[in-house]
Amino acid sequence: MFRAPTTLAPVSDATRDLPEYLTLHEIIKRARQRLSLDDWDYIVGGTETEVGVKRNRLALDSLGFRPRILRDVSRIDAGTDFLGRRLRLPVVLAPVGSLELFCPEGAAGSAQAAQTFGVAHMLSSVCQPGIEGLAQAAPDALRTYQLYVHGDAGWIDDRIERCIAAGYSAFCFTVDSAVYSRRERDQAKRNIRRNVVPGREMQVFFSWKDIERIRAKYSIPMALKGVDTAADAQLALDHGIDMIYVSNHGGRQLDHCLGSMAVLPEIVDVVKKRIPVIVDGGINRGSDVVKAMAAGADMVGLGRMQCLALAAGGQAGVVRMLEILEHEVVTCMGLLGVNNWSELDRSYITAAPAIDTPHTLSAFPLLSTDDQSFY
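In this text, residue positions in the sequence shown follow the working numbering: the first is 358, and each later residue adds one.
Next up, the structure:
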């Protein structure tokens with residue numbers, strides 16, 4: 358629970374040895390200084406024209422707040438319950454492949470940060486140190502696992518059974534990647550290392566029939582990541598899925614898709630609180646988290662900010678990012694006139710004209726606008 362408003366986000370013991378990051382944009386600047394252009398483009402880029410990346414940000418920027426006044430907001434609590442655990446924020450560190458590009462510990466650093474701060478973590482199946490390695494590195498974290506289907510039924514079952522044995526709380530299938538996209542930032546530089554993944558061709562065969570088989574065999578909570586329509590949300594419910602993850606892969610798969618926040622309401626309306634709804638896509642700031650929760654999400658995924666924080670300071674960088682994000686969230690909640698998420702609903706947001714031209718990092722105007730390396 359937030360005890361008292363402060364001007365600056367408080368620093369924990371886990372982050373005292375870091376540079377004095379007071380804002381999220383300072384973390385981004387440090388990440389840019391440390392990363393090669395190839396690895397930077399991997400974070401900020403999308404597919405083809407990168408319209409999907411921009412629409413994610415546009416959908417967030419096209420929502421305005423409608424605050425209420427003269428409310429007692431002395432007991433603000435930004436925490437939530439998820440998968441039987443109490444979390445400090447309704448945040449999951451989203452699955453991102455190759456986190457080891459950004460710090461030597463890879464996903465272990467991210468999961469340890471989630472454990473230290475108190476948010477959920479989702480491990481990508483194309484990220485080190487793998488299922489068992491991550492469980493050993495962060496045994497007390499709320500760990501979930503995301504799978505790209507790169508094998509047959511036996512291969513899938515092996516991953517599920519290993520996750521159950523290693524104490525993962527949920528299993529997630531990414532379902533928006535039947536074919537791999539054209540990521541022209543990489544292709545133009547002949548940076549094609551991420552295109553060579555054994556078994557990737559198996560993803561094209563994965564279907565609702567496979568979900569039926571898996572759901573009948575295993576009881577671990579299961580999520581589908583990449584749901585972007587009400588029709589598919591209903592199918593997920595019909596197939597016994599336990600969580601729906603609204604995502605367009607950060608604009609990195611199908612280009613010209615709608616922003617995640619633009620499609621979230623129709624999915625929330627179908628689900629009707631029967632199962633949790635997670636959303637990601639352009640969410641970088643505390644106000645973004647609050648907008649997502651007001652629109653009906655139960656959890657919010659952070660992908661790019663996780664990568665940038667890892668690059669800026671490893672595990673401690675991610676903890677510091679979450680500390681600043683929490684301060685932004687709590688400040689926003691207090692100014693809206695709410696103490697907890699149950700008091701927040703769609704009446705607190707409304708359609709509004711976007712002000713700035715959207716791009717991956719347009720939420721941070723204090724980044725140098727004449728330095729194109731941030732785009």
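Cβ atoms here follow ideal geometry from the backbone N, Cα and C, with glycine treated the same way.
Whose CA, out of Asp418, Ser534, Val554, lies closest to the CA of Leu718? Closest in alpha carbon position to Leu718, among Asp418, Ser534, Val554, is Asp418.
I'd like to know whether the C-beta atoms of Gly466 and Gly671 end up nearer to each other than 8 Å. Yes, Cβ-Cβ distance for Gly466 and Gly671 is below 8 Å.
I want to know whether the segment 475-492 touches the segment 448-466 - three or more CB-CB distances under 8 Å. Remark: three or more beta-carbon pairs, one from each stretch, lie closer than 8 Å, so the segment 475-492 and the segment 448-466 are flagged as touching.
N-terminal and C-terminal residue of the beta strand (DSSP E) that Met479 is part of: First-last of the beta strand (DSSP E) with Met479: 477-481.
Start and end residues, beta strand (DSSP E) containing Met600: For Met600, the uninterrupted beta strand (DSSP E) segment begins and ends at 600-603.
Note down, one range per segment and in chain order, each alpha helix (DSSP H) of at least 4 residues found wholly within the segment 515-568. If we require 4 residues or more, the alpha helix (DSSP H) runs fully inside the segment 515-568 come out as 541-545.
Quick one: what does DSSP say Ala435 is sitting in, helix, strand or coil? Assignment of Ala435 by DSSP, reduced to helix, strand and coil, places it in the coil class.
Distance, Cα to Cα, Trp698 vs Glu623? Near 20 Å, if we compare the C-alpha coordinates of Glu623 and Trp698.
Identify the continuous alpha helix (DSSP H) that holds Lys411 and give its terminal residues. 408-418 is the span of the alpha helix (DSSP H), which, as asked, contains Lys411.
Rounded straight-line distance, which links the Cα of Asn641 to that of Leu701: Counting only the Cα atoms, Asn641 lies some 20 Å from Leu701.
Gln503 to Asp713, Cα distance in whole Å? A straight-line Cα-Cα distance of about 34 Å links Gln503 and Asp713.
Quickly, what does DSSP pair Ile635 with across the bridge? List them, please. Looking at the DSSP assignment, Ile635 forms a beta bridge with Tyr602, Met656.
Looking at C-alpha atoms only, which residue of Arg540, Leu499, Arg387, Val401 is the closest neighbour of Gly660? Minimum Cα distance to Gly660 is reached at Val401.
Taking just the CA atoms, how far does Leu665 sit from Trp397? Going from the Cα of Trp397 to the Cα of Leu665 covers about 9 Å.
Leu499 - containing beta strand (DSSP E), residue span: Segment 499-504, the beta strand (DSSP E) holding Leu499.
Taking Tyr378 as the reference, give the member of Leu692, Arg677, Arg412 with the closest Cα. Nearest option by C-alpha distance: Arg677.
By how many angstroms is the C-alpha of His478 removed from the C-alpha of Cys520? Answer to the nearest angstrom: the Cα atoms are 14 Å apart.
Tell me the DSSP bridge mates of Lys648? Partner(s): none; Lys648 has no beta bridge.
Residues near Ala470 in its chain [Cβ-Cβ closer than 6 Å; skip 5 each side]: Correct list, in chain order: Gln672, Val675, Val676.
Contact between the segment 531-541 and the segment 511-518: three or more CB pairs below 8 Å? Not touching, per the Cβ criterion.
Cβ-based burial, His606 [other Cβ within 10 Å; buried from 16]: Result: buried.
When Cys529, Ile384, Gly524, Val430 are compared against Pro452, the one with the closest alpha-carbon: That would be Cys529, whose Cα lies nearest to the Cα of Pro452.
With a cut-off of 8 Å on the beta carbons, I'd call Ala708 and Leu456 a contact; round off their distance for me. Between Leu456 and Ala708 the Cβ distance is about 36 Å, and since that is not below 8 Å, they are no contact.
DSSP beta-bridge partners for Thr707? According to DSSP, which records beta bridges pairwise, Thr707 is partnered with Gly421.
Give me, in chain order, the residues of the same chain whose beta-carbon lies closer than 8 Å to that of Asp645; leave out the 5 immediate sequence neighbours on both sides. Listed in chain order, the non-local C-beta contacts of Asp645 below 8 Å within the same chain comprise Leu417, Gly639, Val657, Ala720, local neighbours out to five positions each way being set aside.
Return yes when the Cβ of Leu621 is within less than 8 Å of the Cβ of Gly653, no when it is not. Cβ distance < 8 Å, so Gly653 and Leu621 count as in contact.
So, under 8 Å CB-CB, Ile385 and Leu724 are touching, yes? Tell me the CB distance rounded to an integer number of Å. About 6 Å separates the Cβ atoms of Ile385 and Leu724, confirming a contact at the 8 Å cut-off.
Quick one: residues in its chain with C-beta nearer than 8 Å to the C-beta of Trp565, no 5 flanking neighbours on either side, listed in chain order? Leu592, His596, listed in sequence order.
Determine the closest residue to Leu499 out of Val476, Gln485, Ser481, Glu518, with distance taken between C-alpha atoms. Of the candidates Val476, Gln485, Ser481, Glu518, the residue whose Cα lies closest to the Cα of Leu499 is Val476.
Three-state secondary structure (DSSP) at Leu427? DSSP, reduced to helix, strand and coil, places Leu427 outside both helices and strands of the structure shown, so it counts as coil.
Along the beta strand (DSSP E) that carries Gly616, what are the first and last residues, could you check? Premise fails: Gly616 is in no beta strand (DSSP E) and is neither H nor E.
May I ask you to report which of helix, strand or coil DSSP gives Lys630? Coil at Lys630, not helix or strand.
Would you kindly check if the distance between the Cβ of Ile681 and the Cβ of Thr380 is under 8 Å? The answer is yes: Cβ separation under 8 Å.
Measure how close the beta-carbons of Tyr399 and Leu458 come, nearest whole angstrom, since I'm counting them as under 8 Å. Indeed they touch by this definition, with Cβ atoms about 7 Å apart.
Is it the case that the Cβ atoms of Arg412 and Gly616 are separated by a distance below 8 Å? Yes, the pair counts as a contact, with Cβ atoms nearer than the cut-off.
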